[in-house]
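Trainee: Before anything else, here's the structure in question.
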Amino acid sequence: MKYVSFTTYFSSPRTGRYLIACANDTKRCIKLYKANLKVAQAFHPLLGCLEVVLRNGVNDQLTTHFADPNWIINQKNGFMVDPLLTHTNKKTGKITTNRFILNSVKSAEDKLRKRGIAITSGRVISEQTFGFWTDLFENHHYKILKGRPIKLFKHLPSGYGRTQVLNELTKVRQFRNRINHNEPICFVGVSIDFSITIGVYNSILNLLKWIDPELINWIKDIDKINATVTKGLKI
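First residue of the sequence shown? That's 8 in this note's numbering, and the numbers climb one at a time after it.
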């Protein structure tokens, strides 16, 4: 593809950063843009595995915690509306209420209803985003749930807990949003640099390892991230 066509299809503002990083070498710019896509593509299998393992694991923990396999539906009048989720700003006096989890569940139910699909716990759970599961490790929900979500991470290093897990989950969530919106992941400043991206890769490995080290061995044959990044750096 000629550079003029490339910028027409992918827009000059979006591709300009790649061109700067490639010292105005248009051919190299196009290759780097495609390399960025390939690295993003390489992340999807691992992100998918982590999301499924996290979702199923937290669901199992909360099913046990509430002694209710339908907790995600029944707790709309339980922990999702706990008084501890309402706060008053000491300076302004403004009252704010966190209804993220509740609204996420209601939104999932509405989607199913509009599609004429029966509302079941399994379907509502499947509709939830990575951010939904991450939010259960935020301090407000974590306290209400008496720290139950952390029990999924049976292999945490000594001294590690909610804060470390949340930090890693947040890095992964933010990165996941970037690649889903086709944002560049091959830069630090104006330089071609995948170090932040590799940092997220390590966060994914940490989370899987903290749940069960066997998961690291299981993903080996679908993990192409390092190899893809290495190719990208050779452009």
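Don't be surprised by glycine CBs; every beta carbon is placed ideally from N, CA and C. Bear in mind that the values here come from a model prediction, so they are computed numbers and not experimental data.
Along the chain, where does the beta strand (DSSP E) containing residue 94 start, and where does it finish?
Mentor: Per DSSP, residue 94 belongs to the beta strand (DSSP E) from 93 to 95.
Trainee: State the Cα-Cα distance for the pair residue 82 and residue 20, rounded to the nearest angstrom.
Mentor: Distance between the alpha carbons of residue 82 and residue 20 is about 46 Å.
Trainee: Measure from the alpha carbon of residue 234 to the alpha carbon of each residue in 213, 201 and 221, then state which is nearest.
Mentor: Checked all of 213, 201 and 221; the closest Cα to residue 234 is 201.
Trainee: Buried or exposed, going by whether 16 or more other CB atoms sit within 10 Å of the CB of residue 91?
Mentor: Residue 91 should be labelled exposed.
Trainee: Should residue 27 go down as buried or exposed, given a rule of 16 or more other Cβ atoms within 10 Å for buried?
Mentor: Exposed, because fewer than 16 other Cβ atoms sit within 10 Å of the Cβ of residue 27.
Trainee: Quick one: give me the first and last residue of the beta strand (DSSP E) that residue 127 is part of.
Mentor: Premise fails: residue 127 is in no beta strand (DSSP E) and is neither H nor E.
Trainee: Closest to residue 16 by C-alpha separation, out of 37, 29, 30 and 31, would be which residue?
Mentor: Nearest C-alpha to residue 16: 37.
Trainee: Report, in whole angstroms, the separation of the C-beta atoms of residue 111 and residue 77, which I expect to be a contact under 8 Å.
Mentor: The pair is not a contact, with the Cβ atoms about 16 Å apart (cut-off 8 Å).
Trainee: With respect to the beta strand (DSSP E) encompassing residue 99, which residues constitute its N-terminal and C-terminal limits?
Mentor: Careful: residue 99 lies outside any beta strand (DSSP E) and carries neither H nor E.
Trainee: Pull the bridge partners of residue 104 from the DSSP assignment, please.
Mentor: DSSP output for residue 104 lists 93 as bridge partner(s).
Trainee: Using the Cα positions of residue 39 and residue 242, report the straight-line distance between them to the nearest angstrom.
Mentor: Approximately 7 Å, taken between the alpha carbons.
Trainee: Report the rounded CA-to-CA distance for residue 66 versus residue 135, giving the unit in angstroms.
Mentor: Answer to the nearest angstrom: the Cα atoms are 11 Å apart.
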